[in-house]
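Chains A and B supply the protein sequences, listed in that same order. Just so we're aligned, residue 148 is where the first sequence starts under the numbering used here, counting upward by one. Just so we're aligned, residue 293 is where the second sequence starts under the numbering used here, counting upward by one. Glycine residues also receive a C-beta, built at the ideal position from the N, C-alpha and C atoms. Only a predicted model underlies this, so the values are computations on that prediction, with no experimental measurement involved.
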Amino acid sequence: MSAANRSADKSAVAIEIKNLTKHFGAKTAVNDVSFNVEEGHCYGLIGPNGAGKTTTFSMMCGFLIPSAGSINILGASPAESGALKGKVGVLPQDAVLPPLWPVGELLSYYGELSGLADAEKEARAALEKVQLSETWGVQAGALSHGMHKRVSMAQALMGSPPVIFLDEPTAGLDPKIAAQVRNVIRELKGKHTVVVSSHNLQELEELCDASAILDKGKLVSATSMAELTGTTAEFRVQIAKGEISVSEVRALTGAKDARMEANNVLCVTYDGTIVSVEQIITDTVALLASRKVLLTGVWRGKRLEEKVLQLT
Amino acid sequence: MEDFSEIGAIWRGETRRALKSGRALVLLILFMMFVGLTLTGTGWVNHTINAKFEQTLKDAGADTPEIRAKADEQFKAQRRDMLKSFVTDDETMLDSLAAIPLVLLIVFKLTLRFLPLFIALMGFDQLAGEVGPKSVRYLVVRVKRSSIVLGKFLSQATLFGLLLIFCTFLMVVVTKAINADFKWVDVAVWTAKLVLSSYTLSLAYLALTALFSSITRQGTVALVLNIIALFVIWFVAAVGEFFRFPGEVAAPGSLATVLSSESYFAYLRYASVWHYGGDLLHPHWARWMTAGLVHVGFGMIFMGLALIILKRRDL
């Protein structure tokens, strides 16, 4: 199926996970997890440390063999050796690139293994995409952490695979580089099915269309981001000067609660299924302006973070 | 076909990397040091014995062509007895081995003992070294697990083959330099024979190293297990060869008449791949072919186990 067809047919399932279980000896790391990822979606895997998201991620990539259950990625099972060839690109979390290989040679080698017609050209294009063309001749062992992560990301993007798995893509990166990486992920949305595992919930909230939340190896939620965050949405307003009538804010359409926090911050909670974020913010700002209240800023709340804390 | 192309790509990539890295040079130096050391030691012992022999002839005033010819005959007979005791009691084999200088034969036999250890040192981390730091994950999403095992095995076999050819050639040329009567035709023939026989023998040990490297994610553990397995292989062969088969008569004059007793333990020798190594230099094609096939067979069993283990394990 072409990328265009995939984006047109949003309901097509790219990844289907059924009753997935993984035991390590007596310990059950993942317990009967099931969820689907639609084609062209950016999907988040969320959970605290030890929740089982890296284990789930590793089974989806074919690194770990499931103890029970099944995974289907574009018709292929990752447990079957070599089945993901050409279908999947992976940025593993803590996999070290072979240190003695020069980056360009290494990526060309990976491209050759993926069966790409012009592996060197693909390698150069992927390095350019992560803005690391200058590392072509540098040995992988000499790369900084951030560069290593981006080179690893480059190998995942080579050959433009339909499904891309990214495990902690921005962990340990400085804010500027992390923003660049997020831009790359944003560009992938719609054209590729992207699964992102991360602790950075704000990042996932911004990037993902849907997500699965895991806790202690079990699935506690698998739904769209809008549904997940819709009922507990909130935003905050930094007040510079003026008197606020909190009850007036509470009376706005869709508003569920309003309260003053420390440092003169107004926190407004609203029902995202009744009113859009743009509308409630505009209404609140308009109300405050009409009461001659001066503002210095408005920002959206950590909706996903609160939801995850509530669920796990 | 895709499998062959994957295996070929891994073989090319890994071999290129090994040849470019300092590791190939270190392995070459190690191999050459061993060959050099054994050549020097064996050559010195040989030279001392020859010098004493010459001196004895001179001191006895018996340095005439007739007596020298007789002494040479005695010397050859003694050499044959020594080979019979320590190498083989097969008369055809002894005739064949008479064509090469004793120094070369001893150095070659010692090198054969060293080869399995050298192979373990060379390749203990071929898979474990990729599983530990998880770099194997970059390969697993691209190729079959079996292609990784086979591609890396072929790369090890290639690198080892190049080192073996170089060091065996060196060994034979040095022997030629200190043995004027070792003819150039024999130099060429024996270089080919020694390389072929030691390479065939090594196939089983290359596969054994791949097997232990696929078991664990720590290279050092793989190396220790590999060395333990080598000692087990040698021990089983030694126990089997220490005993005579029930009803077997020991060859007259052989050590077996003194040391060995009859026991069913003699059959243990067939369980060890090491037992078959001696026949790889046998002049009869059926014997060396059988020995070669047995080594390939053991190699296939070890590789088969490596493939099964890597296919079923978490990476």
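Could you confirm whether any beta carbon from chain B is found closer than 8 Å to the beta carbon of residue i?
{"i": "Val160/A", "result": "no"}
{"i": "Pro322/A", "result": "no"}
{"i": "Asp241/A", "result": "yes"}
{"i": "Lys157/A", "result": "With a pLDDT of only 47 at Lys157/A, under 50, the local geometry of the prediction cannot be trusted, and the value read off the model is given with reservation. Taking Cβ atoms only, chain B never reaches closer than 8 Å to Lys157/A, which makes this a no."}
{"i": "Val237/A", "result": "yes"}
{"i": "Ser149/A", "result": "Confidence at Ser149/A is low in this model, with a pLDDT of 45, below 50, so the placement of that residue is unreliable and no value is reported for it."}
{"i": "Leu247/A", "result": "yes"}
{"i": "Leu244/A", "result": "yes"}
Looking at the strands, I want to know which residues DSSP matches up with residue i.
{"i": "Lys336/A", "result": "His339/A"}
{"i": "Glu381/A", "result": "Thr416/A"}
{"i": "Ser506/B", "result": "For Ser506/B, which the question treats as bridged, DSSP gives no partner whatsoever."}
{"i": "His170/A", "result": "Thr175/A"}
{"i": "Pro249/A", "result": "Gln286/A"}
{"i": "Ser368/A", "result": "Ile360/A"}
{"i": "Asp571/B", "result": "None, per the DSSP bridge assignment."}
{"i": "Asn219/A", "result": "Glu163/A"}
{"i": "Arg447/A", "result": "Phe382/A"}
{"i": "Asp404/A", "result": "Thr416/A"}
{"i": "Glu185/A", "result": "Val160/A"}
{"i": "Val180/A", "result": "Leu167/A"}
{"i": "Phe312/A", "result": "Val237/A, Val342/A"}
For residue i and residue j, I'd like the C-alpha separation in whole angstroms.
{"i": "Asn248/A", "j": "Asp241/A", "result": "Inspection of the sequence shows that residue 248/A is occupied by Trp rather than by Asn. Approximately 18 Å between the Cα atoms of the pair."}
{"i": "Ala266/A", "j": "Leu434/A", "result": "59 Å"}
{"i": "Asp606/B", "j": "Leu211/A", "result": "4 Å"}
{"i": "Arg308/B", "j": "Tyr257/A", "result": "14 Å"}
{"i": "Glu252/A", "j": "Gln370/B", "result": "59 Å"}
{"i": "Met385/B", "j": "Gln510/B", "result": "43 Å"}
{"i": "Gln385/A", "j": "Glu408/A", "result": "10 Å"}
{"i": "Pro128/A", "j": "Asp314/A", "result": "Only positions 148 to 459 of chain A appear in the structure, and residue 128/A is not among them; the question remains open."}
{"i": "Ser564/B", "j": "Ser427/B", "result": "35 Å"}
{"i": "Ala272/A", "j": "Leu319/B", "result": "37 Å"}
{"i": "Gly421/B", "j": "Ala502/B", "result": "12 Å"}
{"i": "Pro225/A", "j": "Ser205/A", "result": "10 Å"}
{"i": "His295/A", "j": "Thr201/A", "result": "19 Å"}
{"i": "Lys475/B", "j": "Ile359/B", "result": "25 Å"}
{"i": "Ile218/A", "j": "Ile162/A", "result": "7 Å"}
{"i": "Glu227/A", "j": "Gln278/A", "result": "34 Å"}
{"i": "Thr429/A", "j": "Gly337/A", "result": "29 Å"}
{"i": "Ser423/A", "j": "Phe382/A", "result": "12 Å"}
{"i": "Val250/A", "j": "Leu263/A", "result": "17 Å"}
{"i": "Gly424/B", "j": "His339/A", "result": "31 Å"}
{"i": "Leu320/A", "j": "Leu274/A", "result": "17 Å"}
{"i": "Ala578/B", "j": "Val524/B", "result": "28 Å"}
{"i": "Ala325/A", "j": "Tyr497/B", "result": "48 Å"}
{"i": "Trp580/B", "j": "Pro308/A", "result": "51 Å"}
{"i": "Thr582/B", "j": "Gly589/B", "result": "10 Å"}
Against chain A, does residue i count as a neighbour if the rule is that its beta carbon must be under 8 Å from one of theirs?
{"i": "Arg509/B", "result": "no"}
{"i": "Thr305/B", "result": "According to the sequence as given, residue 305/B is Gly; it is not Thr. Yes, Gly305/B lies at the interface with chain A (some Cβ there is under 8 Å from its Cβ)."}
{"i": "Arg309/B", "result": "yes"}
{"i": "Met419/B", "result": "According to the sequence provided, residue 419/B is Leu. The question's Met does not apply to it. For Leu419/B, the answer is no, since every Cβ of chain A falls outside 8 Å of its Cβ."}
{"i": "Ser505/B", "result": "no"}
{"i": "Arg437/B", "result": "yes"}
{"i": "Gly591/B", "result": "no"}
{"i": "Arg502/B", "result": "Here residue 502/B is Ala; the residue named in the question, Arg, does not match the sequence. False, the Cβ-Cβ gap to chain A never drops below 8 Å."}
{"i": "Glu298/B", "result": "yes"}
{"i": "Leu607/B", "result": "yes"}
{"i": "Arg604/B", "result": "yes"}
{"i": "Ala583/B", "result": "no"}
{"i": "Ala301/B", "result": "yes"}
Name the chain C residues that come within less than 9 Å of residue i, Cβ to Cβ?
{"i": "Trp446/A", "result": "Protein chains in the displayed structure are A and B, and chain C is not among them."}
Using Cβ-Cβ distances below 7 Å, what residues of the stretch 176-202 of chain A are close to chain B?
none
What runs of the beta strand (DSSP E), each 3 residues or longer, lie entirely inside the stretch 350-380 of chain B?
none
Along the stretch 251-263 of chain A, where does the CB come closer than 7 Å to a CB of chain B? Name the residues.
Tyr256, Tyr257, Glu259, Leu260, Ser261
Report the residues of the stretch 421-434 of chain B with a CB closer than 7 Å to any CB of chain A, ordered along the chain.
Pro425, Lys426, Ser427, Arg429, Tyr430, Leu431, Val432, Val433, Arg434
Using Cβ-Cβ distances below 7 Å, what residues of the stretch 201-220 of chain A are close to chain B?
Cys208, Gly209, Phe210, Leu211, Ile212
List, from N- to C-terminal side, the alpha helix (DSSP H) runs of 4 residues or more that fit wholly inside the stretch 302-355 of chain B.
314-351
Quick one: complete alpha helix (DSSP H) runs, 4+ long, within the stretch 512-567 of chain B?
548-551
Relative to chain B, which residues along the stretch 281-304 of chain A have a C-beta separation below 7 Å, given in chain order?
Gln302
Closer than 7 Å between beta carbons: that is the criterion. Which residues of the stretch 306-338 of chain B meet it against chain A?
Arg309, Ser313
Of all the alpha helix (DSSP H) runs that stay within the bounds of the stretch 425-497 of chain B, which reach a length of 4 or more residues?
428-432, 437-470
Along the stretch 221-233 of chain A, what residues have a CB closer than 8 Å to any CB found in chain B?
Ser228, Gly229, Leu231, Lys232
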